[in-house]
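These protein sequence lines map, in sequence, to chains A and B. In this note's numbering, each residue's number is its place in the first sequence (first place is 1) plus 941. In this note's numbering, each residue's number is its place in the second sequence (first place is 1) plus 9. Every residue gets a Cβ at the ideal spot worked out from N, C-alpha and C, and that includes glycine. Keep in mind the model is a prediction, meaning the values are calculated, not measured. For reference, the structure discussed in these notes is given below.
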Amino acid sequence: MTNEQLKEKINSWVTGVEFPENKQFLEAIVPSDSLKKLANLLKNTPETNFDYLYCLSGVDYGKQIGIVYHIESTTLNHSIVLKVKTDNLENPTFDTVCGIWKGAEWFEREVFDLLGVKFNNHPDLRRLFLPEDWEGYPLRKNYKDEINIIER
Amino acid sequence: MEQEVIKDIIIKNSDDYIINMGPQHPSTHGVLRFELCLKGETVKYIIPHCGYIHRGIEKMCEKITYPQIIHLTDRFDYLSAHINNEAVCLAVESALETEVPERVKYIRTIIAELNRLASHQLWWCAFGMDLGALTTFFYGLRDREKILDIFEESWGSRLLHSVNCPGGLMNDIHPNFQKRIKEFIKYFRKIIPEYDQLLTNNVIFQQRAIGMGYMSKEVAIEYGVTGPSGRGSGFSCDIRKKQPYSAYSKADFKEILLTEGDTYARYKVRIAEMWESMNIIEQLVDNIPEGAFTAKMKPIIKLPAGEYYQRVETARGELGVYIVSDGNKSPVRIKFRTPNFSNLFVINKIASGNKIADLVAISGSLDLVIPDIDR
């Protein structure tokens, strides 16, 4: 499918999706409450068949926290980037996609560990790298650690 | 509340014997701990615990410049250090729209394939040792030395030579570079049949590897298992073929795909990849174009605001570099999608139900490098 066809397809499924221009891949900024529905349709519709999630990253933009999903189809050779963002820095929460792409389970655990983003209905949301009693989330922009990080 | 899921499994099976494998266990190849639930000698459930060598590289990268980041990327998959460097360089170059000289592309590809060969050799010798064949260790290391000597002659260091910089290479190749590579390939083509004799065709080895740790193609895609481990299950995931970078489009090579999906298939993919790597090097080594070994770059590298993603194929699978830049000399966020991270996650799926000794074989066949998981 071409990017234009994909855009049309996505617009027919969910509303409120933005497509920024001039990006490396086709990019879709999705409202966080329709993420799970869209991801499910993208994976399970035969014409799109996005079966391979190759990267999931959490980003702290300063005023917002977002999750970026890089997805491609191994059979149809098209790819898309999904983004969800939230303004809630105190308690950012998104729906998990690990029921759709199993590989997301550890990616989401990593994001929870380092950015403090919670994922609803995640089967095993524990810290992955840091000890259980670690305070704070190191990849946050406002994270302070006077002992281990020297400000220059 | 979320923690209860793992706890539930353990409480439900409270008769099980819980044992730790690692973090100093020799066959986990580094500081990785498996928590195993055992029934007799059968592994019922595997809980991997990572983080023993977590250094916060992604956090560190937010404070330093792009040329400095390259030296940190050596440290996650130290066996394919050059390919990790290349990933960041390619991302920076594509963001700046710099055209690197053809000479650089050829040399980078040749070093990357030599690196892949050296990595597969070390995997081969360690894998044999995991299964109790100590001789393989001496064979593999003996041949790997020859590759590291070539690196040493050109750039002074053997393992983490950090020769890549944005725009090209730090130094040109040594005059002996091409001659020594050709000598090595001539020598190593005679050695791989010896490897086959020693391990591939060994009946004891085959009985421990064939049919063990089956992974279907669907599981490989779902879990994101890439590299030789994924290709052993028939998942066509070779970035060198899918999205050719550097000089891969100029070489003619096959993507090795097997469909058996067991430990033996993953083993055979790596042996076949050694042959393919040598094919690629042979096609390129005589055709290195003359010219500069680096493009002209500004002294301070600032990436235009935006997002950049670059994928490369390391010896263990797909490495992705995701850079979010706001126009400054260091990134807002840099994420490394490392191959071993996803390759380790699949282990409970494919290895539970087997004996402990077979778990060692299966984790060996996934070729895990632990710093690559923890970063």
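Along the beta strand (DSSP E) that carries residue i, what are the first and last residues, could you check?
| i | result |
| --- | --- |
| A:Ile1008 | 1006-1013 |
| B:His80 | Looking at the DSSP string, B:His80 is not in any beta strand (DSSP E); the run it does join, the alpha helix (DSSP H), is 75-82. |
| A:Phe1070 | Element bounds for A:Phe1070: n/a, residue is neither H nor E. |
| B:Met69 | Not the beta strand (DSSP E): B:Met69 falls in the alpha helix (DSSP H), residues 66-70. |
| B:Val385 | No information on residue 385 of chain B is available, as it lies outside the stretch 10 to 384 that chain B covers here. |
| A:Ile1021 | 1020-1027 |
| B:Leu45 | 42-48 |
| B:Pro57 | 51-58 |
| B:Ile28 | 26-30 |
| A:Asn1061 | 1059-1061 |
| B:Lys338 | First-last for B:Lys338: undefined, no H or E at that position. |
Excluding five sequence neighbours on each side, which residues of the same chain lie with their C-beta closer than 7 angstroms to the C-beta of residue i?
| i | result |
| --- | --- |
| B:Glu291 | Ile194 |
| B:Glu50 | Lys364, Ile365 |
| B:Val333 | Glu316, Pro340, Val341, Arg342 |
| B:Glu11 | Caution is warranted here: a pLDDT of 40 is assigned to B:Glu11, below 50, making its placement in the model unreliable, and the coordinate value is therefore given only provisionally. None. |
| B:Lys263 | Glu285 |
Counting only the same chain and skipping the five closest in sequence on each side, list residues whose C-beta sits under 8 angstroms from that of residue i.
| i | result |
| --- | --- |
| A:Glu959 | Ala969, Ile970 |
| B:Ser351 | Tyr232, Gly233, Val234, Thr235, Gly326 |
| A:Ser1014 | Thr989, Asn990, Phe991, Asp992, Tyr993, Ser1020 |
| B:Ile62 | Gly39, Val40, Ile379, Pro380, Asp383 |
Residue i lies in the alpha helix (DSSP H); which residues open and close that run?
| i | result |
| --- | --- |
| B:Asp367 | 365-374 |
| B:Glu327 | B:Glu327 -> not in any alpha helix (DSSP H); beta strand (DSSP E) instead, spanning 326-334. |
| A:Glu1049 | 1045-1056 |
| B:Cys98 | 90-105 |
| B:Lys263 | Counting along the chain, B:Lys263 falls outside any alpha helix (DSSP H), and DSSP gives it neither H nor E. |
| A:Arg1081 | Looking at the DSSP string, A:Arg1081 is not in any alpha helix (DSSP H), and its letter there is neither H nor E. |
| A:Asp1036 | Not the alpha helix (DSSP H): A:Asp1036 falls in the beta strand (DSSP E), residues 1034-1036. |
| B:Arg342 | Per DSSP, B:Arg342 belongs to no alpha helix (DSSP H); it is in the beta strand (DSSP E), 342-346. |
| B:Ala385 | Because chain B in this structure spans residues 10 to 384, residue 385 of chain B falls outside the shown range and cannot be described. |
| A:Ser953 | 944-954 |
Within 8 angstroms (strictly less), CB to CB, does residue i reach chain A?
| i | result |
| --- | --- |
| B:Lys68 | yes |
| B:Phe350 | yes |
| B:Tyr257 | no |
| B:Asp383 | yes |
| B:Tyr331 | yes |
| B:His63 | yes |
| B:Cys46 | no |
| B:Tyr318 | yes |
| B:Lys344 | yes |
| B:Gln12 | Interpretation of B:Gln12 is limited by its pLDDT of 44, a score under 50 that renders its predicted location unreliable; the figure taken from the coordinates is listed afterwards. True, the Cβ-Cβ gap to chain A drops below 8 angstroms. |
Indicate whether at least one CB of chain B lies closer than 8 angstroms to the CB of residue i.
| i | result |
| --- | --- |
| A:Cys1039 | no |
| A:Thr943 | no |
| A:Lys1004 | no |
| A:Tyr1078 | no |
| A:Lys1043 | yes |
| A:Leu1069 | yes |
| A:Trp1047 | yes |
| A:Gln946 | no |
| A:Gly957 | no |
| A:Asp1001 | yes |
| A:Thr1027 | no |
| A:Thr1015 | yes |
| A:Tyr1010 | no |
| A:Leu967 | no |
| A:Asp1036 | no |
| A:Leu1030 | no |
| A:Ser975 | no |
| A:Asp1074 | no |
Between which residues of its own chain and residue i is the CB-CB distance below 6 angstroms, once the five residues before and five after are set aside?
| i | result |
| --- | --- |
| A:Asp886 | Nothing can be reported for residue 886 of chain A, as the shown portion of chain A is limited to 942 through 1093. |
| B:Gln130 | Gly149, Asp152, Arg153 |
| B:Ala96 | Gln319, Val321, Leu328, Val330 |
| B:Ala90 | Asp83, Leu169 |
| B:Cys246 | Thr235, Gly239 |
| A:Ile1012 | Phe991, Leu994, Ile1021 |
| B:Gln187 | Val294 |
Should residue i be counted as a contact of the ligand ATP given a C-beta to heavy atom distance under 7 angstroms?
| i | result |
| --- | --- |
| B:Ser372 | In the structure on display, the ligand ATP does not appear, and there are no ligands present to speak of. |
| message | For the pair the region 222-240 of chain B and the region 322-329 of chain B, tell me if three or more CB-CB distances fall below 8 angstroms. | response | yes
| field | Contained alpha helix (DSSP H) runs [length at least 4] in the region 118-185 of chain B, N- to C-terminal order | value | 144-164
| field | Inter-stretch contact (C-beta, 8 angstroms, three-pair minimum) for the region 342-357 of chain B and the region 132-141 of chain B | value | no
| field | Inside the region 956-993 of chain A only - alpha helix (DSSP H) runs reaching at least 4 residues | value | 976-985
| said: Assess contact between the region 331-341 of chain B and the region 992-1004 of chain A, defined as three or more Cβ pairs (one per stretch) separated by less than 8 angstroms. Is contact present? | reply: yes
| request: Pair every Cβ in the region 291-307 of chain B with every Cβ in the region 111-118 of chain B, then say whether three or more of these pairs are closer than 8 angstroms. | output: yes
| request: For the region 253-271 of chain B and the region 281-290 of chain B, state whether three or more C-beta atom pairs, one from each stretch, are separated by less than 8 angstroms. | output: yes
| Would the region 177-194 of chain B and the region 297-305 of chain B be scored as touching if the rule is three or more Cβ pairs under 8 angstroms? | yes
| said: Quick check for students: name the residue ranges of the beta strand (DSSP E) that lie wholly in the region 274-323 of chain B, counting only runs of 3 or more. | reply: 315-323
| Counting pairs of beta carbons, one from the region 138-148 of chain B and one from the region 41-49 of chain B, are three or more of them closer than 8 angstroms? | no
| query | Counting pairs of Cβ atoms below 8 angstroms between the region 258-273 of chain B and the region 199-206 of chain B, do you hit three or more? | reply | no
| request: Pair every Cβ in the region 973-984 of chain A with every Cβ in the region 949-957 of chain A, then say whether three or more of these pairs are closer than 8 angstroms. | output: yes
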